[in-house]
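Participant:
Protein chains: 4
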Amino acid sequence: MGEDPFRVAGTTYLSRLLVGTGKFASHQVMRDALIASGADIVTVALRRVDLSRAGEGDVLDFVPAGMTLLPNTSGALDAAEALRLARLGRAATGTGLVKLEVTPDPRTLAPDPIETLRAAELMVADGFTVLPYCSADPVLARRLEEAGCATVMPLGSWIGSNRGLRTRDAIEAIVETAGIPVVVDAGLGAPSDAAEAMEIGADAVLVNTAIAISADPVAMARAFALATLAGRLARLAGRARAGGATEASASSPLTGF
Amino acid sequence: MGEDPFRVAGTTYLSRLLVGTGKFASHQVMRDALIASGADIVTVALRRVDLSRAGEGDVLDFVPAGMTLLPNTSGALDAAEALRLARLGRAATGTGLVKLEVTPDPRTLAPDPIETLRAAELMVADGFTVLPYCSADPVLARRLEEAGCATVMPLGSWIGSNRGLRTRDAIEAIVETAGIPVVVDAGLGAPSDAAEAMEIGADAVLVNTAIAISADPVAMARAFALATLAGRLARLAGRARAGGATEASASSPLTGF
Amino acid sequence: MGEDPFRVAGTTYLSRLLVGTGKFASHQVMRDALIASGADIVTVALRRVDLSRAGEGDVLDFVPAGMTLLPNTSGALDAAEALRLARLGRAATGTGLVKLEVTPDPRTLAPDPIETLRAAELMVADGFTVLPYCSADPVLARRLEEAGCATVMPLGSWIGSNRGLRTRDAIEAIVETAGIPVVVDAGLGAPSDAAEAMEIGADAVLVNTAIAISADPVAMARAFALATLAGRLARLAGRARAGGATEASASSPLTGF
Amino acid sequence: MGEDPFRVAGTTYLSRLLVGTGKFASHQVMRDALIASGADIVTVALRRVDLSRAGEGDVLDFVPAGMTLLPNTSGALDAAEALRLARLGRAATGTGLVKLEVTPDPRTLAPDPIETLRAAELMVADGFTVLPYCSADPVLARRLEEAGCATVMPLGSWIGSNRGLRTRDAIEAIVETAGIPVVVDAGLGAPSDAAEAMEIGADAVLVNTAIAISADPVAMARAFALATLAGRLARLAGRARAGGATEASASSPLTGF
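Each protein sequence line maps, in turn, to chains A, B, C and D.
First residue of the first sequence: 1, per this note's numbering; consecutive thereafter.
First residue of the second sequence: 258, per this note's numbering; consecutive thereafter.
First residue of the third sequence: 515, per this note's numbering; consecutive thereafter.
First residue of the fourth sequence: 772, per this note's numbering; consecutive thereafter.
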């Protein structure tokens, strides 16, 4: 797949599966799953990182070498808090990449469109490379692109819900006109969901909960990696059109004998 | 995956993706796609085979060596015709394997439950190893198993329709109690469909049209192979449960700092 | 709606909502819900009827006068048992109408296609007017029609599951060619499900559980009645076509001013 | 239904179906459909209204007497344009009600979350009673409520697409916490869609295209009216829970005889 790189802000990655680090039973299981996922980009909640690095066993110590760290602002309730977290993270980790999350609704953890756009503008102005978690909203996606974001990351369904790709039409609309990569983030609960997102044209997917809380996170990480690649291949190959509700088409046209 | 073999009638296969041979633009493209699919079992319509083998360029000449041929009775309108086709095929190909298809409805090519069961009984009595294409019907599946079939092959959606897994509840019900392999056959239009079928417990899937009519059948064959494996891995790993419609669950539980 | 009668076996009914009598909290609640439903046809399990009529409080005593009783063979495990039940019912109730049910699978209560067809043939030969509960299977539906059934009653989803119309493609295929009324029976869990079944061309729907176990069965019965009529009106009016996944069409074309 | 009023900004309405006036074949057909719909609230694009009222045959002349006019800002590309339209409309029609629409994306006509909120704030400050068309976004809905809007009107699917309720989870989330009425607006293509929106707790629905472009708009209007009422009744009655994918529950529990 060297001929099909995934580019974000000028950097090229091989894998189109991004993974998260929350909810794993242990740091070691997380590490094994990250390796199995083949991911190049790993997101970590800034609040969970021991930024002083004084202690032992910090989550960052278990992220395999060579993976690109993508700090996120999980838990931020407004733009100001997100910016503060991002700056602390940059100071501690040295990376200007940030996954922007502003999620004031405690039930759905749905992203706040207003504060997310505001934070994106502030972060871009401050030199960050911004990957915003956002509603599956084509107008907002356009505005985030215009604000200088490196990707848009529209939701498939609520964070951690494993409900799959419940925003399909909107993702298709975003994909049609986006000039930056579209990464479907949140809610993908099974490899089939990741494949579906890729088939409709997402450039990448981000998965955390479905891997982390599986009975076998390592196998599930590998499953998502394969499915993401499958969906990408299918997108490039040109998916066959579906027929009408009452139309079949013989696979084996008969020639008689 | 040597530890996860797919067994049919006492024989072990590595791949859980079965493929068909209809609708390809050329025999050579078909051959390349079959190889890319990694399939162990390849189905061929008996009517399309030049059983006399007198001519050149027969489809069988393009099936890669080492693949198991699964002749099918595509086009049969009743049990008697299916049996006649199966016997001709056995005489010509030497295999007792048969994919039983009785599809009298020209619109949907839906399988006939009555004639399919009758044909299965006749074929089993005649020594065939029978893999019947059937409705996604848990009672019929049970009866086909009791009749001595080697698998059941319930439909996902109409043959060639690419409409995906539109019989999900019924497939789940069949999987729960079947004592023989369940192979979802027909209608799977994208790799995500194959992954989904495997995630809910199908033992294998059969795909033809979605590969054959893709703009790039070789890439699409590989995509289905990866997705089928992904779905199987996810099934074994234990899929995470989905949450309620309005419930999120933070991927990154906060610990503060 | 006098200009849109629902005909079964030569008799004309006004309502296209058929209702069942199981699972109600009391006979009186059932009676009130039946009245609210506006149904003309009411199905009763023969096993629940006190055929001797010796006792008091039999369910039949609570069926409003003027409604057509449709005895069903609920619980029958094969054709012979269904026929025996039907005959007992006819002797006791005097009607030759029978809702044929043969459901040997205790999990799904899915109808047995083989025994259902056999029972239908036996019952027709014995003079019954047969309304068979069946799989959503277009070939079986055709065979039941050829056997002389008065309707076909394909399932929407498993009995009592309230999962809705999960067999939509198959119902559409049955509707396209059926020469007898198509009544979607089982699984319709909300008025929207009943409306959807009618919109795709069902002639009628049968609802029991969703009404009976609602907190307010009388209101729910009325809701199903309205939705069934709504779906029918929409079918006759010609439903508007849906657009593509990323296409809008302004409701208010602009003329400027 | 006098005991179940629909209140918007202190006014009580009987019908929970709001209708639009675009796309009808003629003003007379529109008028007949509006009457058949039983709607109390009718939306009209300000740009289509001949505000000078100098001409004849203006759409307003065909809105039945007694219906509440809800001018909308259809076609506005930003908050300033929406406000200007609203003010012109108020001057011409005398009503302070406004359906706010800001839809800069010509493909999807998706509402702009940023400009919609901005316009809502400006309009509320200017004394309007604001009913905003918006994304199905629970955080935005909350913000619009906090800005003083009289309702929120989240989309079911793209305007005029007839794709139905493709934002179900988000609508459920909005319904759970909204302190103002939730009116599902846009994309409802069949009466079953309207019923479904009401069943999950919407307070009302707005339908235009599906009625206007039906072959029989009058019948379709009546169908939507019935389905909306059916969905509301079902919501109040308490919808029955759906069972698992492989679980049935006999409607007719057997007592033997």
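Note that beta-carbon positions come from the ideal geometry of N, C-alpha and C, so glycine has one too.
1) For R778 (chain D) and chain B, any beta-carbon pair shorter than 8 Å?
2) Tell me which residues of the region 662 to 681 of chain C have at least one Cβ-Cβ distance to chain D shorter than 8 Å, keeping chain order.
3) Need the endpoints of the beta strand (DSSP E) that F263 (chain B) sits in, please.
4) Can you check DSSP and say which residues form a bridge with V978 (chain D)?
5) If I measure Cβ to Cβ from P618 (chain C) and keep anything under 6 Å in the same chain, skipping five residues before and after, which residues do I get?
6) Between the Cα of G693 (chain C) and those of C:R656, C:A634, C:R632, spot the shortest distance and give me the residue it belongs to.
7) Within the continuous beta strand (DSSP E) that includes A559 (chain C), where are the two ends?
8) Is E313 (chain B) close to chain A? Criterion is C-beta to C-beta, closer than 8 Å.
9) Buried or exposed for A487 (chain B), please, with buried defined as at least 16 other CB atoms from any protein chain shown within 10 angstroms of its CB.
10) Quick check on T386 (chain B) - is its C-beta less than 8 Å from some C-beta in chain D?
11) Pull up the CB-CB distance for T352 (chain B) and P389 (chain B), whole angstroms please, since I reckon it's below 8 Å.
12) Under 8 Å between C-beta atoms, does D473 (chain B) make it to chain A?
13) Helix, strand or coil for D442 (chain B) per DSSP?
14) Specify, as a first and last residue, the run of the beta strand (DSSP E) that L85 (chain A) falls within.
15) Out of C:P519, C:V653, C:A764, which one is the CA nearest neighbour of S932 (chain D)?
16) In the DSSP output, which residue or residues are listed as bridge partners for A583 (chain C)?
17) Report the residue from C:D730, C:M667, C:A733 whose alpha carbon sits nearest the alpha carbon of A711 (chain C).
18) Give me the residue from B:D318, B:Y270, B:M380 with the minimum Cα distance to S283 (chain B).
19) Taking 8 Å as the limit between beta carbons, can you name the residues of its chain near L379 (chain B), skipping five residues before and five after?
20) Flag S294 (chain B) as yes when its Cβ comes closer than 7 Å to any non-hydrogen atom of the ligand FMN, and as no otherwise.
21) Measure the Cβ-Cβ separation of G960 (chain D) and R993 (chain D) and say whether it is below 8 Å.
22) Kindly indicate the opening and closing residues of the alpha helix (DSSP H) around L271 (chain B).
23) At what residue ranges does the region 609 to 675 of chain C contain a whole run of the beta strand (DSSP E), taking only runs of 3 or more?
24) For chain D, is any of its Cβ atoms less than 8 Å away from the one on S135 (chain A)?
25) Indicate whether D699 (chain C) and L669 (chain C) have their beta-carbon atoms separated by less than 8 Å.
26) Counting only Cβ pairs nearer than 8 Å, list the residues of chain D close to T525 (chain C).
27) Can you tell me whether DSSP reads A478 (chain B) as helix, strand or coil?
28) If you follow the alpha helix (DSSP H) that A178 (chain A) is in, where does it begin and where does it stop?
29) In the DSSP assignment, find the alpha helix (DSSP H) that holds D289 (chain B) and state where it starts and stops.
30) Would you identify the three-state DSSP class for S1020 (chain D), choosing helix, strand or coil?
31) Buried or exposed for A726 (chain C), going by 16 or more other Cβ atoms inside 10 Å?
32) So, helix, strand or coil for A472 (chain B), using DSSP?
33) Let me know the secondary structure DSSP gives V577 (chain C) once reduced to three states.
34) At a CB distance below 8 Å, what residues from the region 173 to 185 of chain A approach chain C? Give them in sequence order.
35) Is I714 (chain C) helix, strand or coil when you go by DSSP?
36) If we call anything under 8 Å between Cβ atoms a contact, is V612 (chain C) one with A600 (chain C)?
Facilitator: Quick look at the numbers:
1) With 8 Å as the cut-off, R778 (chain D) does not count as an interface residue toward chain B.
2) Correct list: W672, I673, G674, S675, N676, R677, G678.
3) 263 to 265
4) D:V790
5) Closer than 6 Å at the Cβ level, and outside the excluded window around P618 (chain C), lie L591, D626.
6) C:R656
7) 555 to 559
8) Caution is warranted here: a pLDDT of 48 is assigned to E313 (chain B), below 50, making its placement in the model unreliable, and no coordinate value can be reported.
9) buried
10) no
11) No, T352 (chain B) and P389 (chain B) are not in contact; Cβ-Cβ is about 16 Å, not under 8 Å.
12) yes
13) Reduced to three states, the DSSP call for D442 (chain B) is strand.
14) Careful: L85 (chain A) lies outside any beta strand (DSSP E), inside the alpha helix (DSSP H) at 79 to 93.
15) Each of C:P519, C:V653, C:A764 was checked against the Cα of S932 (chain D), and the nearest Cα belongs to C:A764.
16) This sequence places Leu at residue 583 (chain C); Ala is not what is there. For L583 (chain C), which the question treats as bridged, DSSP gives the partners C:V556.
17) Considering only C:D730, C:M667, C:A733, the residue with the shortest C-alpha distance to A711 (chain C) is C:M667.
18) B:D318
19) A336, L340
20) The ligand FMN is absent from the structure shown, which contains no ligand whatsoever.
21) no
22) Run containing L271 (chain B): none; DSSP gives neither H nor E here.
23) 611 to 614, 643 to 648
24) Yes, S135 (chain A) lies at the interface with chain D (some Cβ there is under 8 Å from its Cβ).
25) yes
26) Chain D residues near T525 (chain C): none, gap ~23 Å exceeds 8 Å.
27) helix
28) According to the DSSP assignment, A178 (chain A) belongs to no alpha helix (DSSP H), since it is labelled neither H nor E.
29) 284 to 294
30) coil
31) buried
32) coil
33) coil
34) A173, E176
35) coil
36) yes
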